[in-house]
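Residues 2 to 481 (the working numbering) are what the sequence shown spells out, left to right.
Even for Gly, the Cβ is constructed at its ideal location relative to N, Cα and C.
Since the model is a prediction, treat every value here as computed from it, not as a measurement.
Below: the structure, in structure tokens.
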Amino acid sequence: MAGSCSRAAAVPRVRYHLPLEPAGTLSPTLAHGWAVASQDGGHENSQLPVPNQFFLDPQAVIDHAYRSIDVTTQTAKYLIKVYYGDGPRRSYWVGCSTGGRQGMVMSQNFPDYFDGIVAGDPVYDLEAISLTEDWGVEQIYNITPQPVQRLQNGSPILYPAFPVEDQQLFTKAILQACDGLDGTVDGVIDDLPACLKKFNPASYVFSDTHQRLQCTGPKTASCVSKAQIDAVEDINEGPTTSHGQTIKAPAGAVAHHHVDNTVLGYQYDGGFMAPTGIPSRKIGTPTTTPGDYALGLGQLPYIWIQPPDPSFDPLTFNFNSDLDKLNKNSVLVTYSTSLDIKKFTRRGGKIIWYHGLSDPGPPVLGTIRYYTEMAQQYGGLKGAQTFSRLYLVPNMGHCSGGPATDQFDLLSPLVSWVEQGAEPDAIVASGTNFTAADHSQPTTMPLSRGSAICRFARWRSRKRSQLHMHRAPASRISRR
Ligand SMILES: [Ca+2]
2 MAGSCSRAAA VPRVRYHLPL EPAGTLSPTL AHGWAVASQD GGHENSQLPV
52 PNQFFLDPQA VIDHAYRSID VTTQTAKYLI KVYYGDGPRR SYWVGCSTGG
102 RQGMVMSQNF PDYFDGIVAG DPVYDLEAIS LTEDWGVEQI YNITPQPVQR
152 LQNGSPILYP AFPVEDQQLF TKAILQACDG LDGTVDGVID DLPACLKKFN
202 PASYVFSDTH QRLQCTGPKT ASCVSKAQID AVEDINEGPT TSHGQTIKAP
252 AGAVAHHHVD NTVLGYQYDG GFMAPTGIPS RKIGTPTTTP GDYALGLGQL
302 PYIWIQPPDP SFDPLTFNFN SDLDKLNKNS VLVTYSTSLD IKKFTRRGGK
352 IIWYHGLSDP GPPVLGTIRY YTEMAQQYGG LKGAQTFSRL YLVPNMGHCS
402 GGPATDQFDL LSPLVSWVEQ GAEPDAIVAS GTNFTAADHS QPTTMPLSRG
452 SAICRFARWR SRKRSQLHMH RAPASRISRR
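Encoded structure:
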């Protein structure tokens with residue numbers, strides 16, 4: 002993932018109407034006439050024996066944190082000036098994942114480089130996200146039947162803990178409970194706040210079979226075990242000590258004017274247990290290890306425990322006794338978790354975040370928390386919306402994927418906002434990944450759909466997994 006999603010775009014003078022393209026991809030492309038630059042974060046994983054090995058090189062960490070973006074941006078602007086005889090009048094950043102984090106770095110630390118920024122599914126606190134991912138995989142590992150199978154490289158196969166039939170049962174339950182709450186049974190939960198008040202996997206009773214999702218006796222094909230539900234609930238809640246105390250990722254506590262660094266869990270959503278949700282990163286498949294094993298888990302031994310110990314098995318990280326080993330200061334975190342973007346906003350900068358509600362990597366609640374706390378610095382949501390937006394995409398996985406309307410263009414509305422003052426509202430989106438298998442009662446809904454993604458309104462934090470969203474007016478949504 003390192004650097005692979007990052008994109009920098011600098012625009013000389015010309016604007017074009019852009020076709021819809023998948024979220025998180027380079028949009029628009031060179032074919033649309035933009036001057037575009039992209040970079041690799043300062044290293045190529047393919048050239049390293051172990052991808053996370055670059056974390057052992059302090060300069061490589063700085064390059065990955067911010068310097069590669071700085072140098073690339075300056076170089077791109079220089080080349081534009083040389084080629085066109087004049088520098089760009091406007092410059093824009095579009096990125097997802099690491100690219101989303103880098104967009105936030107630009108708003109906080111290089112506020113005069115870009116006029117507009119699109120930051121998707123940002124991994125803005127890598128240490129916290131690494132701990133969330135490690136915690137999640139440990140929950141699945143702990144219920145995997147022994148002996149745990151391993152690939153030749155030692156990576157574990159955890160799929161037997163939660164096979165696809167059980168994943169589908171869980172998805173059936175949450176969709177049966179929540180899909181229709183928004184008025185349309187279509188496999189998408191558009192009213193997640195209402196869903197979260199209603200859906201409790203441990204007590205859910207299927208309306209068609211009148212059986213519980215959680216087995217009341219031995220495990221059968223029509224229920225999932227208490228151990229499986231407990232694991233899912235722990236993944237939802239996020240890391241805690243054995244006394245139930247939440248955990249803070251310490252590197253985030255030294256950033257300038259930093260966001261709350263409590264480590265978060267994953268929101269229940271329609272795509273939570275879809276293949277692109279939790280299964281892709283915490284469970285894996287019969288032949289592949291969970292995706293997080295090479296991502297957040299793989300980072301722990303190289304950067305998040307100090308001193309680094311490449312031989313450390315991240316599945317043995319103890320959320321009680323190992324907390325004092327955590328890295329307390331890393332530019333990877335301190336350069337992207339500041340709430341202070343005043344220099345960016347004072348010169349008219351606009352920033353749009355988006356995040357998949359079923360992202361199994363960086364928890365969507367982290368982006369919501371950042372946005373909410375950032376807004377508090379600017380007079381609340383109303384003040385923040387003079388220069389920013391946050392869009393939450395139901396069912397969408399990390400940057401794209403899942404039974405979701407994951408194809409949309411946020412750059413065009415951003416450009417219109419920066420250059421014409423046209424404030425963005427509901428965004429038209431489409432998707433083609435809808436399948437009957439993700440739905441409790443197969444309907445005649447088409448597999449390709451259009452919808453709208455909505456402006457975020459507010460988050461109530463009585464519980465870590467509660468949120469509220471502004472819903473777009475129905476008249477603006479055209480389903481097809
Ligand atoms: Ca629905």
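Could you give the DSSP three-state label for Gly299: helix, strand or coil?
helix
Range covered by the beta strand (DSSP E) that runs through Ala38
Ala36 to Ala38
Is the beta carbon of Arg91 less than 8 angstroms from the beta carbon of Asp71?
no
Please tell me whether Thr145 and Leu159 are closer than 8 angstroms, where the distance is taken between their beta carbons.
yes
Judging by CA-CA distance, which residue of Ser413, Ile279 and Gly271 is the nearest neighbour of Leu393?
Gly271
Using DSSP with H/G/I as helix, E/B as strand and the rest coil, what is Val138?
helix
Please confirm whether any heavy atom of ligand 1 lies closer than 7 angstroms to the CB of Ile175.
no
Output the boundary residues of the alpha helix (DSSP H) element that contains Leu214.
Taken as a continuous stretch (DSSP letters only), Leu214 belongs to no alpha helix (DSSP H), as it is neither H nor E.
Is any non-hydrogen atom of ligand 1 found closer than 7 angstroms to the C-beta of Asp270, if you look at the structure I gave you?
no
Alpha carbon to alpha carbon, how far is Val419 from Gly349?
8 angstroms
Rounded straight-line distance, which links the Cα of Ile279 to that of Thr286:
12 angstroms
Classify Leu152: buried if its beta carbon has 16 or more other beta carbons within 10 angstroms, exposed otherwise.
exposed
So the candidates are Asp410, Thr74, Ala385 and Gln147; which of them puts its Cα closest to the Cα of Asp41?
Thr74
In whole angstroms, what is the alpha-carbon distance linking Ile369 and Ala36?
32 angstroms
Is any heavy atom in ligand 1 found nearer than 7 angstroms to the beta carbon of Thr317?
no
So Tyr205 packs on Ile236, CB below 8 angstroms; how close in whole Å?
That belief does not hold up - the Cβ atoms of Tyr205 and Ile236 are roughly 16 angstroms apart, past 8 angstroms.
Classify Cys179 as helix, strand or coil using the three-state DSSP reduction.
helix
Output yes or no for whether 8 angstroms exceeds the beta carbon distance between Ile141 and Phe163.
yes
Thinking Ala129 and Val264 are a contact (beta carbons under 8 angstroms), I'd like their distance in whole angstroms, please.
5 angstroms
Quick check: what's the CA-CA separation for Pro361 versus Leu316?
18 angstroms
Mind listing, in chain order, the residues whose beta carbon lies closer than 5 angstroms to a non-hydrogen atom of ligand 1?
Asp180, Asp183, Thr185, Asp187 and Val189
Entirely enclosed beta strand (DSSP E) segments - the region 399 to 434, minimum 3 residues
428 to 432
Is it buried or exposed for Pro148, if we count other Cβ within 10 angstroms and need 16 for buried?
exposed
Tell me which residue opens and which closes the beta strand (DSSP E) that Leu391 is part of.
Ser389 to Val394
Three or more C-beta pairs closer than 8 angstroms, one from the region 364 to 382 and one from the region 398 to 406: is that the case here?
no
Cβ atoms of Val189 and Asn396: under 8 angstroms apart, would you say?
yes
Apart from the five residues just before and just after Ser441, which ones in its own chain have a Cβ nearer than 7 angstroms to its Cβ?
Residue confidence for Ser441 is low, a pLDDT of 46 falling below 50, so the modelled location carries little weight; the figure read from the coordinates is stated next. If we look at Ser441 and ignore the five residues flanking it on each side, its Cβ neighbours are Lys173, Leu176 and Gln177.
Which residues mark the beginning and the end of the alpha helix (DSSP H) in which Tyr372 is found?
Val365 to Gln377
Distance, Pro309 Cα to Tyr79 Cα
39 angstroms
For Lys249: DSSP bridge partner residues:
Thr263
Mind reading off the beta-carbon distance from Cys252 to Lys329? Whole number of angstroms is fine, and I expect it under 8 angstroms.
Rather than Cys, the amino acid found at residue 252 in this sequence is Ala. Right, their Cβ atoms sit about 6 angstroms apart.
If we count the other Cβ atoms within 10 Å of its Cβ and call it buried at 16 or more, is Tyr294 buried or exposed?
buried
For Val225, does the three-state DSSP call read helix, strand or coil?
strand
Which value, in whole angstroms, describes the spacing of the CA atoms of Pro291 and Gly297?
11 angstroms
Whole-number beta carbon distance between Ala66 and Val332, since they are thought to touch under 8 angstroms:
4 angstroms
When DSSP labels each residue in this structure, what does Leu170 get in the three-state scheme?
helix
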